[in-house]
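Residue numbers (numbering that gives the first Met the number 0), protein chains in the order written: chain A, 0 to 417; chain B, 0 to 417.
Inspection log for the structure reproduced underneath, given as structure tokens.
2 protein chains.
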Amino acid sequence: MTDSTALIETLGNAARSAAIELAQASPEAKRTALIAAADALAASHEAVLAANARDMQFGRDKGLADSMLDRLRLDESRLKGIEDGLRAVAQQPDPVGEVVAEWDRPSGLHIQRVRTPIGVIGVIYESRPNVTADAGALALKSGNAVILRGGSESLHSSQAIHACMVEGLRQADLPEAAIQLVPTRDRAAVSAMLQAQGLIDVIIPRGGKGLVGLVQQQARVPVFAHLEGICHIYVDAKADPEKARRVVLNAKTRRTGICGAAECLLIDRSYFDAHGPDLVQALLAAGVEVRAEGDLARIPGTVAAQPDDFGQEFLDMIMAAKLVDGVDGAIAHIRRYGSQHTESILTEDEATARRFFAGLDSAILMHNASTQFADGGEFGMGAEIGIATGKMHARGPVGAEQLTSFKYLVKGDGTVRA
Amino acid sequence: MTDSTALIETLGNAARSAAIELAQASPEAKRTALIAAADALAASHEAVLAANARDMQFGRDKGLADSMLDRLRLDESRLKGIEDGLRAVAQQPDPVGEVVAEWDRPSGLHIQRVRTPIGVIGVIYESRPNVTADAGALALKSGNAVILRGGSESLHSSQAIHACMVEGLRQADLPEAAIQLVPTRDRAAVSAMLQAQGLIDVIIPRGGKGLVGLVQQQARVPVFAHLEGICHIYVDAKADPEKARRVVLNAKTRRTGICGAAECLLIDRSYFDAHGPDLVQALLAAGVEVRAEGDLARIPGTVAAQPDDFGQEFLDMIMAAKLVDGVDGAIAHIRRYGSQHTESILTEDEATARRFFAGLDSAILMHNASTQFADGGEFGMGAEIGIATGKMHARGPVGAEQLTSFKYLVKGDGTVRA
Numbered sequence: 000m001t002d003s004t005a006l007i008e009t010l011g012n013a014a015r016s017a018a019i020e021l022a023q024a025s026p027e028a029k030r031t032a033l034i035a036a037a038d039a040l041a042a043s044h045e046a047v048l049a050a051n052a053r054d055m056q057f058g059r060d061k062g063l064a065d066s067m068l069d070r071l072r073l074d075e076s077r078l079k080g081i082e083d084g085l086r087a088v089a090q091q092p093d094p095v096g097e098v099v100a101e102w103d104r105p106s107g108l109h110i111q112r113v114r115t116p117i118g119v120i121g122v123i124y125e126s127r128p129n130v131t132a133d134a135g136a137l138a139l140k141s142g143n144a145v146i147l148r149g150g151s152e153s154l155h156s157s158q159a160i161h162a163c164m165v166e167g168l169r170q171a172d173l174p175e176a177a178i179q180l181v182p183t184r185d186r187a188a189v190s191a192m193l194q195a196q197g198l199i200d201v202i203i204p205r206g207g208k209g210l211v212g213l214v215q216q217q218a219r220v221p222v223f224a225h226l227e228g229i230c231h232i233y234v235d236a237k238a239d240p241e242k243a244r245r246v247v248l249n250a251k252t253r254r255t256g257i258c259g260a261a262e263c264l265l266i267d268r269s270y271f272d273a274h275g276p277d278l279v280q281a282l283l284a285a286g287v288e289v290r291a292e293g294d295l296a297r298i299p300g301t302v303a304a305q306p307d308d309f310g311q312e313f314l315d316m317i318m319a320a321k322l323v324d325g326v327d328g329a330i331a332h333i334r335r336y337g338s339q340h341t342e343s344i345l346t347e348d349e350a351t352a353r354r355f356f357a358g359l360d361s362a363i364l365m366h367n368a369s370t371q372f373a374d375g376g377e378f379g380m381g382a383e384i385g386i387a388t389g390k391m392h393a394r395g396p397v398g399a400e401q402l403t404s405f406k407y408l409v410k411g412d413g414t415v416r417a
Numbered sequence: 000m001t002d003s004t005a006l007i008e009t010l011g012n013a014a015r016s017a018a019i020e021l022a023q024a025s026p027e028a029k030r031t032a033l034i035a036a037a038d039a040l041a042a043s044h045e046a047v048l049a050a051n052a053r054d055m056q057f058g059r060d061k062g063l064a065d066s067m068l069d070r071l072r073l074d075e076s077r078l079k080g081i082e083d084g085l086r087a088v089a090q091q092p093d094p095v096g097e098v099v100a101e102w103d104r105p106s107g108l109h110i111q112r113v114r115t116p117i118g119v120i121g122v123i124y125e126s127r128p129n130v131t132a133d134a135g136a137l138a139l140k141s142g143n144a145v146i147l148r149g150g151s152e153s154l155h156s157s158q159a160i161h162a163c164m165v166e167g168l169r170q171a172d173l174p175e176a177a178i179q180l181v182p183t184r185d186r187a188a189v190s191a192m193l194q195a196q197g198l199i200d201v202i203i204p205r206g207g208k209g210l211v212g213l214v215q216q217q218a219r220v221p222v223f224a225h226l227e228g229i230c231h232i233y234v235d236a237k238a239d240p241e242k243a244r245r246v247v248l249n250a251k252t253r254r255t256g257i258c259g260a261a262e263c264l265l266i267d268r269s270y271f272d273a274h275g276p277d278l279v280q281a282l283l284a285a286g287v288e289v290r291a292e293g294d295l296a297r298i299p300g301t302v303a304a305q306p307d308d309f310g311q312e313f314l315d316m317i318m319a320a321k322l323v324d325g326v327d328g329a330i331a332h333i334r335r336y337g338s339q340h341t342e343s344i345l346t347e348d349e350a351t352a353r354r355f356f357a358g359l360d361s362a363i364l365m366h367n368a369s370t371q372f373a374d375g376g377e378f379g380m381g382a383e384i385g386i387a388t389g390k391m392h393a394r395g396p397v398g399a400e401q402l403t404s405f406k407y408l409v410k411g412d413g414t415v416r417a
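Here it is in structure tokens:
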């Protein structure tokens, strides 16, 4: 047994015990813990920012890219945002025990389907210290124990935030092992988590290509994949040019670093014949690097697309662009290059939109709307732990409710089966 | 690449193509295929029974136990049952495309959550030829392609039934690769299925301890575990003795070979003090071998329980029995030895029943009812592929609806995110 396996076994056993207690914790106790954690964070800005300064120094020494450093960085306003998030989750309805459905049977049985926590959740994420609070809060709300493994550059920041979460648990008399943070930068701990059968019930991996590969090779524990968001936006022949311009710009440029940002623009050939280079020019004018293929590459200012520009998550002011033949061409391209996250069609033709909705199987399909709406808050779910790109159990935005399973409660009166 | 890996890759690629077509197949086409399959089976009794005779001979030569030979055996009445099952699934509502929920958002978006097939399902099962039809039918109804791998002793029977399923697909102009049967007895094919990432979306393993171990070691594909049913029945101090006798007998003896059969009787010590050996005597009188512990072992006719009698799935006229201290003692025992399938409490005290329901996390918890009701038909779901014992995605009885995932369809009108 390696050190990492032993470490995860220790954390896992503590989490399992905590999970049994947590599954029966009152909604009030969980709410109290979350509010107390927010209060503790409010009183700890100095300590958290000092920890973050150490992480930032470590990140700079390591030569992290600016976009990574920006994700790692905390300031007063971001800390306030984390606190607000904790208080918002505290006020959400408690999903545990909710009766999702109930019915009677001719046998005389009354059957209820009731939400129950999953058990122990493992979250593997990048160096975004806020996830420590967000994921911890959603796990607690849904009655699950959680083992958090943040990116190595964010270790001190995550530890400082984690200390506030534990303080909240303590004040609500909930087990401290309900929210645990893996206290090491050793990457072997990630492998140990992926293989911790019987200790961790589900792993939520949030990350890019590197983590995808690791999960595919090593995961023995069920996974809610929260992986790449290679989102497409398709402008149909019957699109309204003004709506198209507005939505395409928003989908690409509102925020480029989120998983719902559009990465590839598909334009129907007859739209292009009728309206010319308007959309590509609007992107260029907004400062987007457009990596264009075929006729689109002749528009001045574009860059010629390389094959691997399609199916790539840029998370930057870069967009691949291509002409396709109608909605079927768009569907074929997305099936080949997409990541089953979010795709949008722009068209005034209902039948074409229906075809797009039927022919694709991404978690989220949109019609005349920006892909940037792929977000638990925008869906009305409150906070989210991320957007699941797999098809099992949870799909799309994952909030507290999506972190539950269910059980059937059946009532009879000495009822036997014939 | 081994032969088995290559075989599963071939089947898997064909299934993936079929799955895309199937996801968009009309409810009418799927219904037609199922009825045509039932008709084909009705016209093929002679061929199927001849194939089954070969399998039975093979099974006898191999020295299979009588209970296994009984599961393998087909006759006119069982074939009629399989046919009726196909027609019943044909008449069920089609789950694909069902709008599970819909709501509006302040942003102006309208969001629908719509059922969609999972994709390609792999089913690994024992030598029960009827599962070939049941699992094939439920997969088709839910728009999934399926790869079936039945027990090696049932190969000819399964092939004969599979031929009828394919005939049904053909008559409905659906792709024949929608329902495929692994055409080999080589056990390496099971391993290849468990590792077929990207080809198979979910594996449904139905079997006992051997398959559990294999799945835990090898599975890379998500799993809906349909594994052991180590069902407990707990008789509380406040149980009605007459209801208790009736339910305990039914739970154990109605059919011993199904996963919902009770395997362990837990009796509260004060119930035993008040009512004596009545329940154990009733089991003995019905011909059950009672493997009893402690004071219960002094009842004439019982056998002394060995430690591994607890947590064992007998699937036979055998029951472990033990005294416990109240509902908390029962909960502790079941948490340690159960398989999260189905447990029942007998009590007239509502608060105690609530404690049992809250303290346990099995897929199905019953109050004053026989564990033998753990069945999709009895739950009102129509046919079932089995009872899932895991907590991910599907739990309890798994019918066509439980074999679906969902996607979000979002409508705007040029809507952008602020």
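Note that the Cβ used here is the ideal one computed from N, Cα and C, for glycine as well.
- Query: How many angstroms separate the CA atom of Asp-460(A) from the CA atom of Lys-406(B)?
  - Reply: Lying outside 0 to 417, the shown extent of chain A, residue 460(A) is not represented and no answer is given.
- Do the region 166 to 179 of chain B and the region 90 to 104 of chain B touch if we need at least three Cβ pairs shorter than 8 Å? Not touching, per the Cβ criterion.
- Message: Less than 7 Å between the beta carbons of Gly-293(A) and Ile-330(A), yes or no?
- Response: Cβ distance not < 7 Å, so Gly-293(A) and Ile-330(A) don't count as in contact.
- Item | Residue ranges of each alpha helix (DSSP H) within the region 51 to 127 of chain A, 4 or longer | 65 to 71, 75 to 90, all fully within the region 51 to 127 of chain A.
- Task: Classify Val-246(A) as helix, strand or coil using the three-state DSSP reduction.
- Result: The answer is helix: DSSP assigns Val-246(A) an H, G or I state.
- Item | Span of the beta strand (DSSP E) around His-231(A) | For His-231(A), the enclosing beta strand (DSSP E) covers residues 230 to 234.
- Item | Given 8 Å, three or more beta-carbon pairs between the region 386 to 396 of chain A and the region 76 to 84 of chain A | Touching, no.
- Consider the Cβ of Met-365(A): report whether some Cβ of chain B lies at a distance smaller than 7 Å. It does; some Cβ of chain B falls within 7 Å.
- Query: Nearest to Pro-299(A) by CA position, among Glu-349(A), Pro-306(A), Glu-400(A), Arg-290(A), is which residue?
  - Reply: Ranking Glu-349(A), Pro-306(A), Glu-400(A), Arg-290(A) by Cα distance to Pro-299(A) puts Arg-290(A) first.
- Query: Does DSSP put Ile-178(B) in a helix, in a strand, or in coil?
  - Reply: Strand, per DSSP.
- So with Cβ pairs under 7 Å, would you call Thr-115(A) a contact of chain B? Yes, Thr-115(A) counts as interfacial toward chain B.
- Query: Which residue spans inside the region 331 to 372 of chain B form an unbroken beta strand (DSSP E) run of at least 3?
  - Reply: Segments of the beta strand (DSSP E) lying fully in the region 331 to 372 of chain B: 341 to 345, 363 to 368.
- Task: Could you tell me whether the Cβ of Thr-131(A) comes closer than 7 Å to any Cβ of chain B?
- Result: Using beta-carbon distances, Thr-131(A) does not count as an interface residue toward chain B, since no partner is under 7 Å.
- Query: With respect to the alpha helix (DSSP H) encompassing Thr-403(B), which residues constitute its N-terminal and C-terminal limits?
  - Reply: Boundaries for Thr-403(B): no alpha helix (DSSP H) harbours it, while the beta strand (DSSP E) harbouring it runs 403 to 414, taken from the DSSP string.
- Closest Cβ-Cβ distance between Asp-272(A) and chain B: below 7 Å? Not one beta carbon of chain B lies nearer than 7 Å to the beta carbon of Asp-272(A).
- Given Lys-242(A) as reference, the closest of Thr-414(B), His-155(B), Glu-45(B) once Cα atoms are compared: Minimum Cα distance to Lys-242(A) is reached at Thr-414(B).
- Message: For the beta strand (DSSP E) containing Ile-203(A), name the first residue and the last one.
- Response: DSSP places Ile-203(A) inside the beta strand (DSSP E), whose first and last residues are 201 to 204.
- Message: Tell me which residues share the same chain as Asn-12(A) and place their Cβ nearer than 6 Å to its Cβ, disregarding the 5 neighbours each side in the sequence.
- Response: So no residue of the chain qualifies.
- Please confirm whether Thr-346(A) and Ala-260(A) have their CB atoms less than 7 Å apart. No, the Cβ-Cβ distance between Thr-346(A) and Ala-260(A) is not below 7 Å.
- With a Cβ-Cβ cutoff of 7 Å, do Ser-106(B) and Pro-128(B) count as a contact? The answer is no: Cβ separation not under 7 Å.
- Task: Compare the C-beta of Gln-217(A) with all C-beta atoms of chain B and state if any pair is closer than 7 Å.
- Result: By the rule that beta-carbons nearer than 7 Å mark a contact, Gln-217(A) does not touch chain B.
- Message: Can you pull the chain B neighbours of Lys-208(A), defined as C-beta to C-beta under 7 Å?
- Response: Result: empty, since nearest Cβ-Cβ is about 15 Å, beyond 7 Å.
- Message: Taking 7 Å as the threshold (beta carbon to beta carbon), is Gly-228(A) in contact with chain B?
- Response: Gly-228(A) does not count as touching chain B.
- Quick one: complete beta strand (DSSP E) runs, 3+ long, within the region 259 to 317 of chain B? DSSP runs (the beta strand (DSSP E)) wholly in the region 259 to 317 of chain B: 261 to 267, 288 to 291.
- Query: Does DSSP put Arg-186(A) in a helix, in a strand, or in coil?
  - Reply: In the structure shown, the three-state DSSP call for Arg-186(A) is coil.
- At 8 Å on the CB atoms, spell out the chain B contacts of Val-181(A), in chain order. Neighbours of Val-181(A) in chain B, taken as residues whose beta carbon is under 8 Å from its own, are absent, since the nearest beta carbon is some 23 Å off.
- Looking only at DSSP bridge pairs, what is Leu-322(A) linked to? According to DSSP, Leu-322(A) bridges with Ile-266(A).
- Can you say whether Gln-305(A) is buried or exposed, counting buried as having 16 or more other CB atoms within 10 angstroms of its CB? Result: exposed.
- Message: Can you find the residues in the same chain that come closer than 8 Å, C-beta to C-beta, to Leu-33(B), ignoring five residues on each side of it along the sequence?
- Response: By the criterion of a C-beta distance shorter than 8 Å, Leu-33(B) is surrounded in its chain by Leu-85, Arg-86, Val-88, Ala-89, Ala-136, Leu-139, Lys-140, Gly-167, once the five residues flanking it on both sides are discounted.
- Query: Going along chain B, which residues have a C-beta under 9 Å from Asp-395(A)?
  - Reply: Going by the sequence as given, residue 395(A) is Gly instead of Asp. Chain B residues near Gly-395(A): Arg-112, Phe-405, Lys-406, Tyr-407.
- For a contact meaning CB atoms closer than 8 Å, what does Glu-377(A) contact in chain B? For Glu-377(A), the chain B residues whose C-beta falls within less than 8 Å of its own C-beta are Arg-104, Ser-106, Leu-108, Arg-416, listed in chain order.
- Query: Is the closest heavy atom of the ligand NAP to the C-beta of Val-415(B) under 6 Å?
  - Reply: Among the components of this structure there are no ligands whatsoever, and the ligand NAP is therefore not found.
- How would you call Asp-374(A), buried or exposed, if buried means at least 16 neighbouring beta carbons within 10 angstroms? Buried is the call here.
- Query: For the alpha helix (DSSP H) that contains Ile-384(A), what are its first and last residues?
  - Reply: Ile-384(A) -> no alpha helix (DSSP H), and no H or E assigned at all.
- Task: Report the neighbours of Pro-221(A) on chain B: residues whose CB is nearer than 9 Å to its CB, in chain order.
- Result: Under the 9 Å cutoff, chain B gives Pro-221, Val-222, Gly-389, Lys-390, Met-391, His-392.
- Message: Among the candidates Ala-159(B), Gln-23(B), Arg-148(B), His-392(B), whose CA atom is the shortest distance from the CA of Thr-172(B)?
- Response: Residue identity check: residue 172(B) is Asp in the sequence provided, not Thr. Checked all of Ala-159(B), Gln-23(B), Arg-148(B), His-392(B); the closest Cα to Asp-172(B) is Gln-23(B).
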